[in-house]
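Here's the structure we're looking at; comments come further down.
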Amino acid sequence: MNKYFSTKTSIFVFASPALLLFTVFCVYPLLPEIWMSLQKHDGFRSMGFVGLENYKDVIASPSFWKAHKNTYLIVGISLLLGIPLSMMLALFMEVQTPKLRRFFKSAAMFPAILSVTVVSQIWLAFYEPNWGLFNSILKSIGLESWTHSWLTEKKTVMPSIGLVFLWQYIGLNAMLFYTGIKTIPKSYYEAALIDGANFVQVCLRITIPLLQNVIKYVLILSTLGSMAFYSHVRVMTAGGPGDTSRTVVYQMYYTAFDTSEFGKGTAIAVFFIVECLVISFLIQRFIAREKLEF
Amino acid sequence: MSLKSKSEAYSNPFGIPQSWRWGSFGEALSKYNYFTYLENSLIYTLGTIVITLTTGSMLAYCLSRMQWKFNTSVLFYVSMGLIVPIEVVVIPLFQLIKLLHLKNSYLGLILPYSGFAIASCVLMLYAFLRSLPKELEEAACIDGTNVYQAFFKIIFPIIMPALVTQCVLIFIRIWNEFPLAFIVASRDQFRPLTVGLLSFFVNVGVSDWGLIGATMFLSSLPMIIVYMVGNEKIENALTAGAILK
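In the order they appear, the protein sequences are chains A and B. Numbers 44 to 337, taken from our numbering, label the letters of the first sequence in order. Numbers 854 to 1098, taken from our numbering, label the letters of the second sequence in order.
In structure tokens:
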């Protein structure tokens, strides 16, 4: 029957539309991107082939490395803080009564479905220096000296934006962990209880090792998601003050569209794509081990 | 916040409003092209869903069921699409869209969105289709149906649960997509809600929080309604992806 169904025509009809769309819009743009990064280009026409000149300029510019620091700060926040916190949230949801659990599940997912613009605008109001929520709270409990103009001070701006990102996606990750937890057979826990294990031991010895697959999925999702971090910065600070809160993707946009240096902009993009490839390769290589059977 | 007067929004921004004012909503609706943006967002999202699910499920079917010598290489090729974020190819994508004369048309965003959504759609449906028994089409084959009828009449209804999952994932992703829409949809009449909202905020400035609150609420409303109605389904759909992989 497989012979009967898989004629050349039917394979062509089934495979070509998706492959065409994928190739034209997802793979093909990489070629002009690489080509453009080797030229001096203002977005409309090329002003000559310059070889690796753009790459040299980009690597020599301090803004580029500052942007890297910011991007990896966000990656660090979402991996080192976000994943453990959402895991704790998931473990916490697991021990609630069904009614409370329903509430937590809905509340956890809610920020993730709001649009970036709305989320950023809400937090802009929280961070507002004169009447914003944080400064009002700090003033009312007498910690006047701790108040900051959160988004315009160089020291506080990146952690503040990172917190927004963390808040928006922590619940989604917790939900993913929670569903993973539900697939673990109950008998494991019963056996552990008979052996006299406490809650923390159960989590460390049973739940977390058996969640390996979900952890891997969330890890890849949050790493690549936070690598491409851009929209929140665009809405909340537009990269400011100065260039302190630009991420790599923001730096790329800024170089290309705001200063019309498309050659350099695409050089940043190519550089960054290679980074993404290397990082996903590393995750696959060192964290993705074979499946645990249970 | 949207129910407060301008001065109250400053003196008491996070408490319950002292006098309820619905005026902000009327003002928001008249100043802000809410319905245009809403319509655009819906067109982009639904267009992407329809195109991605049809083409993606066909490719997934082809890869999982048909005898084709490039099966594994095509699967690998498509899975590369998961790694490259749409943000980093915005510049050449923008020029490609201009070149194809798709700028300032709905397809200018729908087609790239679909191209980027296909990778995860194909991989997930591929895993799902492989778990289905082959007898399904064998029966159809004996009845004399051709492959197209077999796909649309037998396979399509069976993979519905996986399609719903993808539908939800794409909806959340495209409804909130920002970077590409920000660059491509430069004309106001083609802007989706996310971008329209930002340019509106930039125009109002930070002075009128009542108005900003009202537009924020209006923009989130469709999503909130969808979420309240299908909350269980969305949760199941989102988490199904994690377990399959």
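Note that the Cβ used here is the ideal one computed from N, Cα and C, for glycine as well.
Ranked by Cα distance from W174 (chain A), the options A:S192, A:L73, A:S158 are led by A:S192. For Q82 (chain A), the secondary structure class from DSSP, reduced to helix, strand or coil, is strand. No Cβ of chain B is located within less than 8 Å of the beta carbon of I117 (chain A).
For the options A:A217, A:N113, A:Q211, the alpha carbon positioned closest to that of Y293 (chain A) is the one of A:N113. For M1076 (chain B), the nearest beta carbon of chain A is closer than 8 Å to its own beta carbon.
Residues of the segment 305-325 of chain A whose Cβ lies closer than 7 Å to any Cβ of chain B, in chain order: F305, G308, T309, A312, F315, I316, C319, L320, S323. Of all residues in the segment 911-930 of chain B, those with a C-beta nearer than 9 Å to a C-beta of chain A are M911, L912, A913, Y914, C915, L916, R918, M919, Q920, W921, F923, V927, Y930, reading in chain order. Sequence-distant partners of G900 (chain B) (beyond 5 residues in either direction) whose C-beta falls short of 7 Å from its own C-beta, in its chain, are Y959, I963.
Along the segment 1004-1066 of chain B, the alpha helix (DSSP H) occurs as fully enclosed runs of 4 or more residues at 1013-1028, 1032-1037, 1046-1057, listed in sequence order. Interface residue (Cβ-Cβ distance to chain B less than 8 Å): A271 (chain A) is classified as such. The count of Cβ pairs closer than 8 Å, one atom from the segment 89-109 of chain A and one from the segment 213-220 of chain A, stays below three, leaving the stretches out of contact. Taking 8 Å as the CB threshold, T302 (chain A) stays off the interface with chain B. The Cβ atoms of I156 (chain A) and M1076 (chain B) sit closer than 8 Å to each other.
Under the DSSP assignment, M90 (chain A) falls in the beta strand (DSSP E) whose first and last residues are 89-92.
In this structure, the beta-carbon distance from V1037 (chain B) to K956 (chain B) falls below 8 Å. Interface annotation, A61 (chain A): in contact with chain B, CB-CB separation under 8 Å.
In the three-state reduction of the DSSP assignment, H954 (chain B) falls in the coil class, being assigned neither a helical nor a strand state.
Closer than 8 Å to the CB of C69 (chain A) there is at least one CB belonging to chain B. When Cβ-Cβ separations below 8 Å define contact, F65 (chain A) makes contact with chain B. The residues A972, in chain order, have a CB closer than 6 Å to that of G934 (chain B) in the same chain once the five nearest residues on each side in sequence are set aside. M919 (chain B) sits in coil when the DSSP states are folded into three classes, being neither helix nor strand. For the pair of segments examined, the segment 910-917 of chain B was found to touch the segment 971-989 of chain B: the number of CB pairs separated by less than 8 Å reaches three.
For the set A:K229, A:I213, A:L206, the Cα lying nearest the Cα of F153 (chain A) is the one of A:I213. Chain B has a Cβ within less than 8 Å of the Cβ of F57 (chain A). Annotated three-state conformation of E171 (chain A) is coil, per DSSP.
Residues of chain B with a Cβ closer than 8 Å to the Cβ of I204 (chain A) do not exist, since the nearest Cβ in that chain sits about 15 Å away.
Take the alpha-carbon of A110 (chain A) and the one of S274 (chain A): they are about 14 Å apart. In terms of Cα proximity to S121 (chain A), the closest of A:G285, A:F272, A:I326, A:Y297 is A:F272. At least one C-beta of chain B is nearer than 8 Å to the C-beta of S158 (chain A). Here the alpha carbon of F1053 (chain B) sits roughly 20 Å from the alpha carbon of D301 (chain A). Between N1029 (chain B) and S269 (chain A), the C-beta gap is not smaller than 8 Å, which leaves the two residues out of contact. In the three-state DSSP reduction, L254 (chain A) falls in the coil class, being neither helix nor strand. Nearest in C-alpha terms to F929 (chain B), of all of A:I180, A:F65, A:L132, A:I204, is A:F65. Taken atom to atom, the span from the alpha-carbon of S183 (chain A) to that of E171 (chain A) is near 15 Å. Cβ neighbours of F1004 (chain B) within its own chain (closer than 8 Å, five residues either side excluded): M911, Y914. With respect to the C-alpha of Y966 (chain B), the residue from B:F888, B:I1065, B:F1024 having the closest C-alpha is B:F1024.
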